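A.B. asks: Every letter in the sequence shown is one number past the one before it in the working numbering, and letter 322, counting from 1, is 751.
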Amino acid sequence: MAEIAANRTLAPASRARAAVPRLTRQQLRRALLVLGPALVLVAVAYFYFTGGRYIVTDDAYVRAETVNLSTDVSGIVAAVEVRDNEKVAPGQVLFRLEDEPFRIALANATAQLDVVRNDLEALKASYRQKAESIKLAETNVAYYEREFQRKQTLAGQSFASQQSFDQARHDLDTARSQLAQSRQDLAAIVANLNGDPDIPTERHPRYLAALSQVEEAQRNLRHTVVKAPMGGIVTNVPSLTPGMYFKASATAFNLVATDHVWVEADPKETELTHARVGQSATVTVDTYPGVDWHGTVESLSPASGGSFSLLPAQNTSGNWVKVVQRIPVRVRVETEPGMPELRAGMSVEVEIDTGRYRRMPGFLAALFHGA
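1. Just the Cα atoms here: how many angstroms apart are Gln591 and Arg598?
2. How is Ile433 classed by DSSP in three states: helix, strand or coil?
3. I'd like to know if the region 729-740 and the region 675-683 are in contact, where contact means that at least 3 CB-CB pairs between them fall below 8 Å.
4. Does the beta-carbon of Leu523 have 16 or more other beta-carbons within 10 angstroms, so that it is buried, or is it exposed?
5. By how many angstroms is the C-alpha of Arg454 removed from the C-alpha of Ala448?
6. For Arg446, count neighbouring C-beta atoms within 10 Å of its own C-beta (all shown protein chains included) and say buried if the count is 16 or more, exposed if not.
7. DSSP puts Asp782 in a beta bridge; with which residues?
8. Rounding to the nearest angstrom, what Cα-Cα distance links Glu561 and Gln613 in this structure?
9. Report the partner residues of Val726 according to the DSSP bridge assignment.
10. Ends of the alpha helix (DSSP H) at Ile618?
11. What residue from Arg648, Leu650, Trp722, Asn497 has the CA that sits closest to Gly767's CA?
12. Looking at the secondary structure, which residues open and close the alpha helix (DSSP H) in which Asn649 lies?
13. Ala646 and Ala604: beta carbons closer than 9 Å?
14. What span of residues does the beta strand (DSSP E) with Met628 cover, start to end?
15. Buried or exposed: which applies to Glu700, given that a residue is buried once 16 or more other Cβ atoms fall within 10 Å of its Cβ?
16. For Leu615, collect the residues of the same chain with a Cβ closer than 8 Å to its Cβ; drop the 5 residues on either side in sequence, then sort them by chain order.
17. Measuring straight from C-alpha to C-alpha, what distance separates Gln581 and Asp602?
18. Report buried or exposed for Thr500, applying the criterion of at least 16 other Cβ atoms within 10 angstroms of its Cβ.
19. Is Gly661 closer than 9 Å to Thr687 when the C-beta atoms are compared?
20. Under 7 Å Cβ to Cβ from Lys697, same chain only, skipping five residues before and after it: list those, please.
21. Where does Ala448 sit, in a helix, a strand or coil, going by DSSP?
22. Can you look up Leu439 in the DSSP assignment and give me helix, strand or coil?
23. Going by Cα to Cα distance, which pick from Arg632, Ala639, Val619 is closest to Ala536?
24. Terminal residues of the continuous beta strand (DSSP E) containing Ala507?
25. Between Thr568, Val509, Asn569, Arg632, which lies nearest to Val545 when the distance is taken from Cα to Cα?
26. Rounded to whole angstroms, how far is the Cβ of Phe531 from the Cβ of Leu669, which I believe are closer than 8 Å?
27. For the candidate residues Gln521, Trp691, Leu729, whose alpha-carbon lies nearest to that of Thr711?
28. Comparing alpha-carbon positions, which option in Asn683, Ala704, Gln607, Arg579 lies nearest Val570?
29. Can you list, in chain order, the residues of its chain whose CB lies under 8 Å from that of Gly707, leaving out five sequence neighbours each side?
30. Could you pull out every residue in the same chain whose Cβ sits closer than 7 Å to the Cβ of Ala435, ignoring the five residues on either side in sequence?
31. Going straight from the alpha carbon of Pro769 to that of Thr539, what length do you get?
32. So what does Tyr516 bridge to, in DSSP terms?
33. How would you call Met673, buried or exposed, if buried means at least 16 neighbouring beta carbons within 10 angstroms?
Now the structure itself:
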């Protein structure tokens, strides 16, 4: 009897404990019925309002400033001072041409400059000498004019012979001729002195022309030594070897900058509605997964990439097909110490944050406004 009573006593307690989980499941079911749609609505609203904010494209590559190294003088390569794929500093010597012909040319130009200087100094001395001779000739002309007039008077009075009169006339004509010749010589000297007998030698056109030849020879000599215009990495160096003849303006090898790189992305034109210069961007390089670079939109191209091709597409009305164009976007990449090195041509993925949020649809805005 006692056991029966005990069982009767435990039965309500067991039923009560069994009822508790049943109530919890019901509450959970009700919560899911309420929270589930709410979470879906929140997610839909989030994706709606943030949709179109980010521009993501993997049609993007690392670009770097590249210089075709050359020089404007021709000559035999004397030495190549760098190796292929070597990192160089600004001003570092890359290669040299044999400079003996250029030193000879400089010596000739310098000697010619000295010749011109001496010629000009001699012209100035001749000018001074000729000016003095003109003064003497003018004095002689004045003397012979007086002598001629005196002889003419005496001859008219029959106090002088005809021979002495003729000699006086001859002497006067000779003096006048010598004066005229001296004046012509002086004019020629002045013309050779550029019309100014007091012109400094260093300002005379002949001197300046000879000086320019010296400066050109000095410049050509300097250009036999080719230096790096910027820091970077040299490539295609084996194409230049000592002993070969290098032609002026030909490309010796290439220099790719390492401290001036950027990313060129080509998103679709339909994605650039809200793209602006100065917007932030995130760059991920395929070579370095898991590493992100911060960037900034530096510029947007004024034309599509196809506009700059040698043969732009010409779509006639008969077979016209609309193709979404791609607009090049330049992204400045900010590098920090310790980050991997970016190399030209690497494939990257770019995500541009336009900061744009969609507005609430009109019917919802009216609904909330009315509420």
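We treat Cβ as the ideally placed atom computed from N, Cα and C, and that holds for glycine.
Note that the coordinates shown come from a computational prediction; the quantities given were computed from them, not determined experimentally.
C.D. replies: On the basis of the supplied data:
1. Indexing the sequence shown from 1 puts residue 591 at position 162. Indexing the sequence shown from 1 puts residue 598 at position 169. Between Gln591 and Arg598, the C-alpha separation is close to 11 Å.
2. Indexing the sequence shown from 1 puts residue 433 at position 4. Residue confidence for Ile433 is low, a pLDDT of 47 falling below 50, so the modelled location carries little weight and cannot support an answer.
3. no
4. For the purposes of this step, residue 523 is taken as residue 94 along the sequence shown, with counting starting at 1. Buried is the call here.
5. Indexing the sequence shown from 1 puts residue 448 at position 19. Indexing the sequence shown from 1 puts residue 454 at position 25. The predicted model places Ala448 with a pLDDT of 46, which falls under 50 and marks its position as unreliable, so this point remains unresolved.
6. Indexing the sequence shown from 1 puts residue 446 at position 17. Only weak support is given to the placement of Arg446: the predicted model assigns it a pLDDT of 49, under 50, and the value that follows is read from those uncertain coordinates. Label assigned to Arg446: exposed.
7. Position 353 of the sequence shown, counted from the first residue, corresponds to residue 782. BP columns for Asp782 point to Tyr483.
8. Position 132 of the sequence shown, counted from the first residue, corresponds to residue 561. Position 184 of the sequence shown, counted from the first residue, corresponds to residue 613. About 14 Å.
9. Translated into positions along the sequence shown, residue 726 becomes position 297. According to DSSP, Val726 bridges with Val760.
10. Start at 1 with the first residue of the sequence shown, and residue 618 comes out as number 189. Residues 591-621.
11. Counted from its first residue, the sequence shown places residue 767 at position 338. Selected option, being the one with the closest Cα: Trp722.
12. The count along the sequence shown starts at 1 and reaches residue 649 at position 220. Counting along the chain, the alpha helix (DSSP H) containing Asn649 begins and ends at 634-651.
13. For the purposes of this step, residue 646 is taken as residue 217 along the sequence shown, with counting starting at 1. For the purposes of this step, residue 604 is taken as residue 175 along the sequence shown, with counting starting at 1. No. Outside cutoff.
14. Your numbering for residue 628 matches position 199 in the sequence shown. One point to set straight first is that residue 628 is Ile, not Met, in the sequence displayed. Here Ile628 belongs to no beta strand (DSSP E), and DSSP marks it neither H nor E.
15. As a first step, residue 700 must be located in the sequence shown, where it is residue number 271. Burial call: buried.
16. In the sequence shown, the residue the question calls residue 615 occupies position 186. Tyr556, Lys559, Ala560, Ile563.
17. As a first step, residue 581 is located in the sequence shown; it is residue number 152 there, counting from the start. As a first step, residue 602 is located in the sequence shown; it is residue number 173 there, counting from the start. Their backbone Cα atoms lie some 15 Å apart in a straight line.
18. To locate residue 500, count along the sequence shown from 1; it is residue 71. When all chains shown are included, Thr500 counts as buried.
19. Translated into the one-based positions of the sequence shown, residue 687 becomes position 258. Translated into the one-based positions of the sequence shown, residue 661 becomes position 232. Contact: yes.
20. Sequence index remark: in the sequence shown, residue 697 carries index 268 (1-based). If you ignore the 5 residues before and after Lys697, its C-beta comes within less than 7 Å of the C-beta of Val753, Arg755, all in its own chain and listed in chain order.
21. On the sequence shown, position 19 is the one that residue 448 refers to. A caution first: Ala448 carries a pLDDT of 46, below 50, which makes its placement in the model too unreliable to give a value.
22. Position 10 of the sequence shown, counted from the start, is the residue given in the question as residue 439. For Leu439, the predicted structure reports a pLDDT of 45, less than 50, and the residue's modelled location is therefore unreliable. The matter cannot be settled from this model.
23. Translated into the one-based positions of the sequence shown, residue 536 becomes position 107. When each option's Cα is compared against that of Ala536, the closest is Ala639.
24. For the purposes of this step, residue 507 is taken as residue 78 along the sequence shown, with counting starting at 1. Counting along the chain, the beta strand (DSSP E) containing Ala507 begins and ends at 504-509.
25. Taking the sequence shown and counting its residues from 1, one reaches residue 545 at position 116. Closest option to Val545, Cα to Cα, is Arg632.
26. Mapped onto the sequence shown, residue 531 falls at position 102. Mapped onto the sequence shown, residue 669 falls at position 240. Rounded, the Cβ-Cβ distance is 19 Å, inconsistent with contact.
27. For the purposes of this step, residue 711 is taken as the residue at position 282 of the sequence shown. Considering only alpha carbons, the answer is Trp691.
28. Counted from its first residue, the sequence shown places residue 570 at position 141. For Val570, the nearest C-alpha among the options comes from Gln607.
29. For the purposes of this step, residue 707 is taken as residue 278 along the sequence shown, with counting starting at 1. Excluding positions up to five away in sequence, the list reads Thr725, Val726.
30. Within the sequence shown, numbered from 1, the residue matching residue 435 stands at position 6. Low confidence applies to Ala435: its pLDDT is 46, below 50, so where it sits in the model is not reliable enough to give any reading.
31. The residue given as residue 769 occupies position 340 in the sequence shown. The residue given as residue 539 occupies position 110 in the sequence shown. If you take the alpha carbons of Pro769 and Thr539, they lie about 53 Å apart.
32. Within the sequence shown, residue 516 is the residue found at index 87, counting from 1. Reading off the sequence, residue 516 comes out as Lys, not Tyr. Lys516 pairs with Ile662.
33. Your numbering for residue 673 matches position 244 in the sequence shown. By the 10 Å Cβ count, Met673 comes out exposed.
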